[in-house]
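Undergrad:
Numbering (my numbering), first residue to last: 64 to 311.
1) Suppose you measure from the CA of residue 204 to the CA of residue 304; what does that come to, to the nearest Å?
2) Taking only three categories from DSSP, how would you classify residue 243?
3) Could you spell out where the alpha helix (DSSP H) holding residue 225 opens and where it closes?
4) Excluding the 5 residues flanking residue 252 on each side, which residues of the same chain have their C-beta closer than 7 Å to its C-beta?
5) According to the neighbour-count rule (16 or more other Cβ atoms, all chains shown, within 10 Å of its Cβ), is residue 114 buried or exposed?
6) In or out: residue 148 buried (at least 16 other Cβ within 10 Å) or exposed?
7) If residue 151 and residue 72 are in contact, beta carbons under 8 Å, what's the gap, nearest whole angstrom?
8) What would DSSP say about residue 125, mapped onto helix, strand or coil?
9) For the alpha helix (DSSP H) holding residue 199, just list the boundary residues, first then last.
10) Assuming residue 97 and residue 122 make a contact with CB atoms under 8 Å, what is their CB distance in whole Å?
11) Where do the N-terminal and C-terminal ends of the beta strand (DSSP E) with residue 321 fall, by residue?
12) CA-CA distance, residue 90 and residue 82?
13) Closest by CA to residue 168, which one among 235, 242 and 160?
Spelled out as structure tokens, the structure:
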């Protein structure tokens, strides 16, 4: 497959932005990195400018609207047949693009790579979380790391008020046009969420909307139980080995 545009939304995303971008450029044939930034003030822009000096293909746009609006702006900038959304707080696994592209067929509109918590290292536990994330994605979508056929989202108009669950809207748009959205368990990302983000207004709004979907509530409860068990095991491992780095 030819190189693809990569669309990223940023807002004070410096924390792990550099390793995130490294993982993109190492594992994806990047035509252009299109960034829709919400007027960051924490060093995000200097990091992006540094990568532009290195690769010469970073385009930065500024918009302080909702994530739905930002994603639509990003889609409008895409010039390639396929493109990606990658969140600024994830690290792609090795050969992400190669493994995701293996799922492409004529009727496939998107390939989503599962996301797993960044600090979970046990292979068995990681495998369990991948499967559970896949089940949740099949209900509500996700744009952490997703490869999308540009034609499948042509003409999309994402409601500007969607600051959460805009990824669900994109998934439903693609399937409504007769395309499949495939989950890849080989192409995955490690998601390094901040504790503060879990209690953020955006996350609370997402939770309120998700509570209206009982099937999703059931999956979330199962996931929470499994994650609590995994977290306990991981904490024990962390105490045995306190020095850990970002994994891919």
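Note that CB positions come from ideal geometry on N, CA and C, so glycine has one too. Predicted, not measured: the structure shown is a model, and the values here were computed from it.
TA: Let me lay it out:
1) So the alpha carbons of these two residues sit roughly 35 Å apart.
2) The DSSP-derived three-state label of residue 243 is strand.
3) That residue, residue 225, is in no alpha helix (DSSP H); it is neither H nor E in DSSP.
4) The residues 153, 154, 155, 156, 176, 178, 207 and 208, in chain order, have a CB closer than 7 Å to that of residue 252 in the same chain once the five nearest residues on each side in sequence are set aside.
5) By the 16-neighbour rule on beta-carbons within 10 angstroms, residue 114 is buried.
6) Looking at its Cβ environment, which holds 16 or more other Cβ atoms inside 10 Å, residue 148 is buried.
7) 7 Å between Cβ atoms; contact.
8) Note: residue 125 maps to strand in three-state DSSP.
9) 186 to 203 is the span of the alpha helix (DSSP H), which, as asked, contains residue 199.
10) For residue 97 against residue 122, the beta-carbon gap comes to about 5 Å, under 8 Å, which counts as contact.
11) Outside the modelled stretch of the chain, which goes from 64 to 311, sits residue 321, for which no answer is possible.
12) One Cα belongs to residue 90, the other to residue 82, and the distance between them is close to 12 Å.
13) The option with the nearest alpha carbon to residue 168 is 242.
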